[in-house]
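As structure tokens, the structure follows; a few thoughts come after it.
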Amino acid sequence: MSWVLWVTPIVLLCLGLPIYLCFLAGSIAALLFVTSVPTSIVPQVMFGSVDSFTLLAVPFFLFTGELMGRGAIADRLVKWCVALFGGVRGSLGLVTVGSCVVFGAISGSSAATV
Numbered sequence: 598m599s600w601v602l603w604v605t606p607i608v609l610l611c612l613g614l615p616i617y618l619c620f621l622a623g624s625i626a627a628l629l630f631v632t633s634v635p636t637s638i639v640p641q642v643m644f645g646s647v648d649s650f651t652l653l654a655v656p657f658f659l660f661t662g663e664l665m666g667r668g669a670i671a672d673r674l675v676k677w678c679v680a681l682f683g684g685v686r687g688s689l690g691l692v693t694v695g696s697c698v699v700f701g702a703i704s705g706s707s708a709a710t711v
């Protein structure tokens with residue numbers, strides 16, 4: 598089974614298909630030709646694997662980033678940190694860390710800025 602999961606995406610990548618289609622085709626090929634899972638249960642398993650509150654946070658985080666980008670909040674935040682740390686030696690690192698700290702405080706996620 599593992600050879601189907603490895604060979605199919607590599608061959609399709611060499612043919613120039615997008616990565617998501619290569620992985621999808623490899624998974625479907627392994628499911629149909631190697632396992633004995635009935636095809637009627639496949640949609641149920643696919644929906645069950647993405648049905649979690651943790652994955653629900655991903656589109657909202659992307660939406661927040663888009664809002665910050667279009668609203669120029671990120672530019673204002675970096676300009677504020679440059680004004681705060683601009684005269685200090687090594688200010689590029691301080692501005693980066695300061696922007697990440699403030700962004701983490703605004704969004705509520707400290708690990709998202711790492």
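Going left to right, the sequence shown walks through residues 598 to 711 as the working numbering numbers them. For every residue, glycine included, the Cβ atom is placed at its ideal position computed from N, Cα and C. This one's a predicted model, so the numbers in the text were calculated from it and none came from an experiment.
Worksheet entry | Reduced DSSP secondary structure (H/G/I, E/B, other) of Val631 | coil
Fill in: Within 8 Å, strictly: CB atoms of Gly623 and Pro606
The answer is yes: Cβ separation under 8 Å.
Worksheet item: Near Asp648, what residues of its chain come up, given a Cβ to Cβ distance below 6 Å and the 5 sequence neighbours on each side ignored?
Response: Take Asp648, set aside five residues on each side of it, and no residue of its chain has a beta-carbon closer than 6 Å to its own.
Discussion item. Which of the three DSSP states is assigned to Gly684 in this structure?
Written reply: Shown here, Gly684 sits in coil according to DSSP, grouped into three states, outside any helix or strand.
Practice prompt. Name the two residues that bound the continuous alpha helix (DSSP H) containing Leu602.
Written response: Ser599 to Cys611
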